[in-house]
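Read in order, the letters of the sequence shown correspond to residues -21 to -1, 1 to 185 in mature numbering (1 follows the signal peptide of the UniProt record, and there is no 0). In what follows, a structure is listed as structure tokens, so that the remarks can point back to it.
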Amino acid sequence: MGSKGLAGGLLWIFFTGAAWAGAQAPIEAKAEQKAEVLEEKAADKVSAAPAPKSEAITPTEAQAVDPAGAAPLDDPLTCLARSIYWEAKGKDTPEMEAVASVVMNRLGHDGFPDTVCAVVKQGSESGNCQFSWWCDGKPDQVKEDAEYALAKEIAGKALNRQLKDRTRGALYFHDRGVHPSWAKAYRNTAQTGRFLFYKPAGGDAR
């Protein structure tokens, strides 16, 4: 290929990519707006019923948000998807869904913040992160596209209240390979192949 042909090919790739990104932008914005509304309703415990079709985040909208897995964590869908990804990627889908449920159960619960991002980042100001991946000092950018796409799909369903809560209302969880002292003060509600789930016996967060 001559230099003119190479330059033309590069320009075509550039403009095609720019056009695709431009087409995705309105879809991404719509998804983020829906996520904020759903987040607020979940925090206010308005209803446990699935979101109406007109309010629900569609699979296409969920995938349009943070397509490269490198955006700042400042919207509900990205924060939830990234938390699902880093806490449970490479594990079974039910375990990813269970992690999503814990985040959503915490949302607006006594002792926890009322936004998804604040729930995910809680404790970082004191170096005592609730979700270890947020404070481990490692890059938070996504490495596996397929697993992140699944995490975003699950995050959309969680915000839509379309997931069965496999944790039975859990507010905490840990890997089976560790034995945290705090677990003794809580009631075990469920377990998966890799995780154990808990909530306080009296219902209050600590």
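Just so it is clear, CB atoms sit at the ideal spot from N, CA and C, and this is done for glycine as well.
Pair within 8 Å by beta-carbon distance, residue i and residue j
i, j, result
"SER80", "LEU142", "yes"
"GLU123", "LYS70", "no"
"GLY90", "ASP23", "no"
"GLY172", "GLU66", "no"
"residue 195", "ALA41", "Outside the displayed span of the chain (-21 to 185) sits residue 195, for which this structure offers no information."
"PRO159", "CYS96", "no"
Identity of the residue in the options nearest residue i by Cα
i, options, result
"LYS178", "ALA10, VAL82, GLU18, LYS20", "VAL82"
"GLY148", "ARG85, TRP161, ALA130, GLN101", "ARG85"
"TRP112", "ALA8, ALA49, GLN170, ILE63", "ILE63"
"PRO46", "GLY181, ALA4, GLU18, PRO29", "ALA4"
"GLU18", "ARG140, GLU74, LEU52", "ARG140"
"THR57", "ALA180, CYS114, ARG155, ALA134", "ALA134"
"ASP53", "ALA14, CYS114, ALA27, LYS32", "ALA14"
"PRO29", "PRO118, ASP119, ILE6, LYS136", "LYS136"
"VAL98", "THR39, LEU59, ILE6", "LEU59"
"PHE110", "GLY48, HIS153, SER33", "HIS153"
Alpha-carbon to alpha-carbon, residue j and residue i
i, j, result
"THR146", "ASN107", "23 Å"
"TYR127", "VAL16", "23 Å"
"LYS131", "ARG61", "8 Å"
"THR168", "LEU175", "8 Å"
"VAL25", "ASP93", "13 Å"
"THR(-6)", "VAL121", "In this prediction, THR(-6) scores a pLDDT of 44, lower than 50, which makes its location untrustworthy; the coordinate-derived value is nonetheless stated afterwards. C-alpha separation (whole angstroms): 24 Å."
"LYS163", "ALA77", "21 Å"
"ALA43", "LEU129", "13 Å"
"ARG155", "LYS20", "33 Å"
"GLN12", "ILE6", "10 Å"
"PRO118", "TYR165", "32 Å"
"ALA180", "SER103", "26 Å"
Residue range of the unbroken beta strand (DSSP E) whose run includes residue i
i, result
"ASN84", "That residue, ASN84, is in no beta strand (DSSP E); its alpha helix (DSSP H) goes 72 to 85."
"ARG166", "165 to 170"
"PHE110", "Unbroken run through PHE110: none, as it is neither H nor E."
"HIS153", "151 to 154"
Which of helix, strand or coil DSSP assigns to residue i
i, result
"PRO5", "helix"
"LYS178", "strand"
"ASP124", "helix"
"GLY135", "helix"
"LEU17", "helix"
"SER26", "coil"
"GLN141", "coil"
Limits of the unbroken alpha helix (DSSP H) element including residue i
i, result
"PRO59", "Sequence check: residue 59 is Leu here, not Pro. Its alpha helix (DSSP H) spans residues 55 to 67."
"CYS96", "95 to 100"
"residue 232", "Residue 232 lies beyond the stretch modelled for the chain, which goes from -21 to 185, so this question has no answer here."
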